[in-house]
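Structure first, commentary second.
Below is the structure:
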């Protein structure tokens, strides 16, 4: 317009010097170094300045694509961008919806336009710099808030748009607090995510919870701004269970409930290889009073004297029954299952490994499951309102427990049935998230354990409890808000620990007023606590497997994004 009018631009600037200043300031903030309101892009999160602009969502260090991600589960590639159009639904991008390698994730991610449904991340209006990112339902792009059961609180808010703080609650039931999503939170039925793994510390949900813990307000900050990223699934276990292969390449058999699973196991010869894909659903919100559960009969699938079996949960599946691996059963995998609020009280473990007169279970891999019940104290239940999550008894050996999300439960993992259970067990616990639990993370009698790269958060009674002459190598874990993080108590003899490279490094780290929320109590007579935070005995034998311990800070920052079911079996990748 100025060229047609014949008025030089310089004359405009001389007449209106303020206009020049405004334009220069505007240019420096948009084309120079990015401002906070700009697309400075949280690492591993989503950035937006006012609106998406032309770049849509941008994440550096997002989710790496992985191979077998379960059912319908693709993971967004790191640093992918989306421009224009509506996002993909069901894994198929609409026209003009993807650019720069954005991959649809089971329900789709939309950038620069309307948000697709299916339990995917919020991209655009939300800037996730602490790992906060809405998941579990459809959310807003470009600033407006929509429905989906996501609530983002405690994380970094958007700049230049309305933010989903305090958000809406509805179907899906996911909530995000402190930049993290506790899986299985709130009510409203199971929330499927198509196997999507989330970037920036947000997580895909796998189940819902009735009568459990309140919304989280702290914990891990997510992967954004740290060295944490997402790696490919493991094809074989790390640790003492390293020889486990399960059902191998056998054709998967779909089972939709407990009865169908038991029938398939009973009809299996026991040796050739069996892969079960569990597709059943359970609405945990239908259990309005968790204290009723201990009065009901136990519901348990049993694998007894049969070997070479894999039980793989489909994304979005959920079960209200336990799994018992007994006698000489060996080479068993349980993966991607969501199990919660099981009935039966002391007669029901969620996953139990138990030796019998017919032999002992060996070579077991329990990986990427979500297990939960309730921290309610139920009248008449004693200490078994809900019994063990993963109990290993009477000689079961060579076990790896990895990438599980275990939360809202009193007693998590018993290793050794009683003080008289003198069998020598070998168990590796690695990359598990223990959150809002009472004790036994794990409890170990006799034998050997390697407790590696776990995150213990909000433990209210005791953490790693090594008793009856057992030895535990406690390595590169992160302890936060834990009462008695490492201890020997409640047995006639103590055990021993070898402490290496944990976030707690010195006596000052566990003394009164420490920065990690570590506290202690005296315990019963004979209790020994790690209040000096020193090794009491070097781990006395070789592990028999090679590994690289991840830095504890990376575990803190990134484990929540990959632990549990519905995460595409993704692993933690530390840069």
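Numbering (the numbering used here), first residue to last: 16 to 590.
Using N, Cα and C, we set each Cβ at its ideal position, and we do this for glycine too.
Just so it is clear, the structure is predicted and the values come from calculations on it, not from any experiment.
query	result
Per-residue DSSP class, three states only, for residue 440	coil
Classification of residue 400 by the beta-carbon crowding that lies within 10 angstroms, buried from 16 upward	buried
Runs of alpha helix (DSSP H) lying entirely within the segment 526-587, each at least 4 residues, in chain order	567-573
Collapsed DSSP secondary structure at residue 449 in the structure displayed	strand
Start-to-end residues for the alpha helix (DSSP H) that takes in residue 375	Segment: none, residue 375 is in no alpha helix (DSSP H) and carries neither H nor E.
Cβ contact check for the segment 362-382 and the segment 264-271: 3 or more pairs under 8 Å	no
N- and C-terminal bounds of the beta strand (DSSP E) containing residue 421	420-426
Test item: CB-CB of residue 423 and residue 388 under 9 Å	yes
Among 335, 474, 415, the one whose alpha carbon lies nearest that of residue 260	415
Chain-order list of residues whose beta-carbon lies under 6 Å from that of residue 325 (same chain, five-residue window excluded)	261, 262, 290, 348
Sequence-distant residues of its chain with Cβ nearer than 7 Å to residue 336 (five each side left out)	273, 314, 315, 316, 357
Short Cβ contact (9 Å threshold) for residue 456 with residue 468	no
Contact check, residue 253 vs residue 443, beta carbons under 9 Å	yes
CA-to-CA distance, residue 385 to residue 507, given in whole angstroms	33 Å
Segment contact, 8 Å Cβ cut-off, at least three pairs: the segment 278-288 with the segment 302-311	no
Neighbour-count burial assignment, residue 556, 16 or more Cβ in a 10 Å radius	exposed
9 Å Cβ cutoff met for residue 544 and residue 489	no
CB-CB length for residue 499 against residue 547, believed under 8 Å	That belief does not hold up - the Cβ atoms of residue 499 and residue 547 are roughly 14 Å apart, past 8 Å.
Pairwise C-alpha distance: residue 521 and residue 334	42 Å
Cβ-based neighbour list, residue 484, same chain, cut-off 7 Å, excluding 5 preceding and 5 following	461, 508, 510
Residue interval of the alpha helix (DSSP H) (run including residue 274)	273-281
Alpha-carbon spacing of residue 532 relative to residue 449, whole angstroms	15 Å
Spatial distance of residue 413 from residue 300 (CA atoms)	36 Å
CA-to-CA distance, residue 572 to residue 373, given in whole angstroms	44 Å
Proximity to residue 403 [Cα-Cα], best of 458, 436, 539, 352	458
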